[in-house]
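Worksheet: the structure to be examined is printed underneath.
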Amino acid sequence: MKRLPELRLRVIDFCFPAESDTWLAILRIGLGLQVVLYALSLRDDWNYFLAGTGHTLISRNLGEAILSLESYFVPRLGWLVTLGARIGFREETVLRLTWICLLSSGCALLMGIASRFSAILAWFLHLCAAKSAGFVSYGVDNFMTIGLFYLMLSPLPDRYSLDRRLRKSRANDPQLLAFWRRILQFHLCIIYFFSGLTKCLGPGWWDGSNVWRALIRPPFNIIDPEILVRWKYLFPVAGIFICLLEIGYPFFIWNSQTRKIWLICICAMHLGIGITMGMYLFAFVMIVLNVAAFGSRLSRMECCTTSLQPRKAVS
Amino acid sequence: MALSKRRVYLAGLALQLFLIITVSSRDTFWLLSESRTIFPESSKNYWQRAEQIASTALGQRLPVTNPARQILTGYLDLAGIEAGYGFFAPNVPNSYKLVFELRFPDGRVEYELPRVSNAASILRIASLLDKIGRTQSEALRQTIVGMLADAVWREHSDATTIRAIFGSVMLPSAPEFEHGKRESYEFLYAYDFSVSDKSTEQSAP
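Protein chains in written order, with this note's numbering: chain A, 8 to 322; chain B, 594 to 798.
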C-alpha cells in the first residue's frame, strides 16, 4: 500500500517531464501542409462530393441523415449551409467559401499565424467535410482528425511560429507541452499495437499473400503485377516484418536504443505504402504524427534545448 | 504546474486512453467474430460476446436517443477515435467494381465508371464502393447506387436506360497469376433505371 503514492508520483513524473516545443512545431507545420495538400487534392471534386442537391455524386443530405442517427453533436457542413442560407448565400457559395477557409487555415498553420485559431478552424472544417462526406472518407480523414484534435488542444504557439516571433509572448509551460506529447505517443502506440495484432491474427500476413493482395487490389495497383510477381519470395518476409514492426511499436519505441531504428522503419513502411499504393496523403500524415511524437528527441538540437529547460519541482 | 491541475489532466488522459482502447478492442473483436483468422470457428461466439461488452462500455447498446450515448458518440467523432485500426486485417478483402451500362434511343450501348478528377478522389470512390459492398441494408445500397446512376445520367442525358452492375473483384494469388490467371469479377447486384419513370428494378445475384 505504501508503494501507491510512490507509483502515483512516478506516473505523474512520466506524464509531465520537461519538454521543448520542437515536437509541436513539427506537428503544426506537418499538419498545416497536410491540410493544404488535402484541400488541393479535393479542389475539383469538393462540391461534387459535398453538395446536398444538384451536381453531386452522393447527396450530402444522406450522409448527414445517417450521422444524425449516431449523434447530433458531430459537426457537419449542413450547419454552415443553413447558416449561409440565412444571410442569402447559395449552397455552392458556402461550400466554396468553406474550401477556401480550410486551405487558408492550412497555410496559416504552416506559417504559425494565429496558430490556435487556425488549428481549431482546420479541425472543425475538416471534420465537417469528413463527416458530411462520410461515404467517401477513409483512413486519412481519421488520422487528420486525431492530429488536428491534439494540435488545437496543445499549448500553441510554438517558438518557431510567426505568432511567437511577432508578439514576443512568453514560452509555454514545458510540462504541459510534454503532457500533450505523451497523449500523442500513447495514442500511436495503441494504434500500431491493434493494427499489428489484427494483422497477426490473419494467416495471409504470415505467408505474404496479403502483401501481394494489397499491392494488386484496385485502386492501389499502381505497380504492374508482372513486375511484382518477380519479387514474390519477399512477400512473406515483408508480411512478417510489417506485423512485427507494428505490434512491437509500443515496446521498442520507448527505449532510447531501439527508438531510432523503429521510427525509421515505421516511416519507411509508410513511405513504401505511399509510393507503391498511391496513398500519399495517408503516408504523409502518418509520418508527421510519428516524427512529432517520437522524432524530435532524436535530433541533436532537441537534446540541447531540452537540457536547458529547468525542471520544476513537484509541489 | 500545481499537482491538483496535473491530476485533472491525468484523469482526462486516463479517460481518453480508456476510450481509444475500448473502441479498438470492440473493432478487433468484431473482426475476429466475422473474419477467417487463426482461431477456430467455434471461438466466434466468444468474440461476439466480447464485442457486445465493449459496445456496452461505449454506450452503444443504449437507445439511440439517449443523451449519454449521443454525447459519448459525439466526443468519439470529435476526437477521431470512433473506429479501430484494423487496416487490411486480418486479411485484405476483395475490392468492388460498379459499372454503368447506358442504352441510347439509337440502340447504342456505352459503359461508364463513376468519374472523378484525380487519383486522390479515386481512393475515395474505392472507399465508397467498399461501403456499398459491405452494407447489410439493401435499401441503403439501392439508394446510393441510384444517386451514382443519377450522376452518370447528368453526363449522358440522352440515355434511355441505365443498368448499374455491382460486382466483387476476385484477385488471383501470386502462383495463380504466374499460371496466367488474372483478376475476375463476381456479379453481386444489378439495378435498372429508366428515364421515363426513373423506377428501379433489382436483379438478384
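A virtual CB, placed ideally from N, CA and C, is assigned to each residue, including glycine.
Rounded separation between residue i and residue j - CA only
i      : j      : result
B/P656 : B/K774 : 50 Å
A/Q192 : B/A752 : 55 Å
B/T666 : A/Y79  : 9 Å
A/F21  : A/D148 : 31 Å
B/S688 : B/A647 : 29 Å
B/W640 : B/S617 : 13 Å
A/T152 : B/N711 : 23 Å
B/I597 : A/I19  : In the sequence under discussion, the amino acid at residue 597 of chain B is Ser, which differs from the Ile named in the question. One C-alpha to the other measures close to 11 Å.
B/N564 : B/V762 : Residue 564 of chain B is absent from the structure shown; chain B starts at 594 and stops at 798.
A/W219 : A/F242 : 7 Å
A/M385 : A/I198 : The shown model of chain A, from 8 to 322, leaves out residue 385 of chain A, and the question about it has no answer.
A/P162 : B/K690 : 46 Å
A/I278 : B/F622 : According to the sequence shown, residue 278 of chain A is Leu rather than Ile. Their backbone Cα atoms lie some 29 Å apart in a straight line.
B/A595 : A/A121 : 28 Å
A/E13  : A/F289 : 42 Å
A/I268 : A/W261 : 11 Å
A/L102 : A/L169 : 29 Å
A/F186 : B/R600 : 12 Å
A/P225 : B/F786 : 27 Å
A/S202 : B/W746 : 41 Å
A/F156 : A/F291 : 17 Å
A/L57  : A/A136 : 7 Å
A/L76  : A/G285 : 34 Å
B/Y782 : B/A713 : 27 Å
B/I664 : B/G700 : 55 Å
A/I254 : A/A115 : 36 Å
B/A719 : A/Y145 : 9 Å
CB-CB length for residue i against residue j, believed under 8 Å
i      : j      : result
A/Y167 : A/A32  : 4 Å
A/R35  : A/L158 : 6 Å
B/F693 : B/A643 : About 42 Å separates the two Cβ atoms, so there is no contact after all.
B/Y784 : B/Q735 : 6 Å
A/P257 : A/C196 : 4 Å
A/V244 : A/L38  : That pair is no contact at about 33 Å.
A/I223 : A/L235 : 7 Å
A/S139 : A/L128 : That belief does not hold up - the Cβ atoms of A/S139 and A/L128 are roughly 16 Å apart, past 8 Å.
Element boundaries [beta strand (DSSP E), containing residue i]
i      : result
B/S777 : S777 to S787
B/T688 : Rather than Thr, the amino acid found at residue 688 of chain B in this sequence is Ser. From DSSP, the beta strand (DSSP E) with B/S688 extends over S688 to R696.
Limits of the alpha helix (DSSP H) - the one that residue i falls within
i      : result
A/V43  : T29 to S48
B/Y668 : P660 to A672
A/N179 : Where A/N179 is concerned, there is no enclosing alpha helix (DSSP H), given that its DSSP letter is neither H nor E.
A/G211 : P210 to W213
B/I613 : L596 to E627
A/I73  : R67 to E77
A/A92  : L84 to R93
A/S216 : S216 to I223
DSSP-derived helix/strand/coil call for residue i
i      : result
B/V702 : strand
B/L651 : coil
A/W261 : coil
B/L639 : The amino acid at residue 639 of chain B is misidentified as Leu; the sequence shows Tyr. In the structure shown, B/Y639 sits in a helix (DSSP, three-state: H, G or I).
A/T205 : helix
A/I229 : coil
A/T60  : coil
A/D20  : helix
B/I718 : helix
A/Y199 : helix
A/R15  : helix
A/G146 : helix
B/V657 : coil
B/A712 : helix
B/Y678 : coil
A/Q316 : Caution is warranted here: a pLDDT of 43 is assigned to A/Q316, below 50, making its placement in the model unreliable, and the coordinate value is therefore given only provisionally. The answer is coil: DSSP assigns A/Q316 none of H, G, I, E or B.
A/E98  : helix
A/E26  : coil
B/I631 : coil
A/F323 : Nothing about residue 323 of chain A can be reported from this structure: the residues present for chain A run from 8 to 322 only.
A/F80  : coil
B/A797 : Residue confidence for B/A797 is low, a pLDDT of 48 falling below 50, so the modelled location carries little weight; the figure read from the coordinates is stated next. Residue state, collapsed to three classes: coil.
A/N54  : helix
Residue i CB to nearest heavy atom of the ligand COA below 7 Å
i      : result
B/I718 : This structure lacks the ligand COA, and indeed carries no ligand of any kind.
Ignoring anything shorter than 4 residues or poking outside the stretch 149-175 of chain A, list the alpha helix (DSSP H) runs there in chain order. 169-174, all fully within the stretch 149-175 of chain A.
Which residue spans inside the stretch 721-784 of chain B form an unbroken alpha helix (DSSP H) run of at least 4? 731-748 and 767-771
Secondary structure, beta strand (DSSP E): runs of 3+ residues fully inside the stretch 230-302 of chain A: none
Secondary structure, alpha helix (DSSP H): runs of 4+ residues fully inside the stretch 100-141 of chain A: 122-139
What residues in the stretch 172-185 of chain A bring their beta carbon closer than 7 Å to a beta carbon of chain D? The structure shown contains no chain D; its protein chains are A and B.
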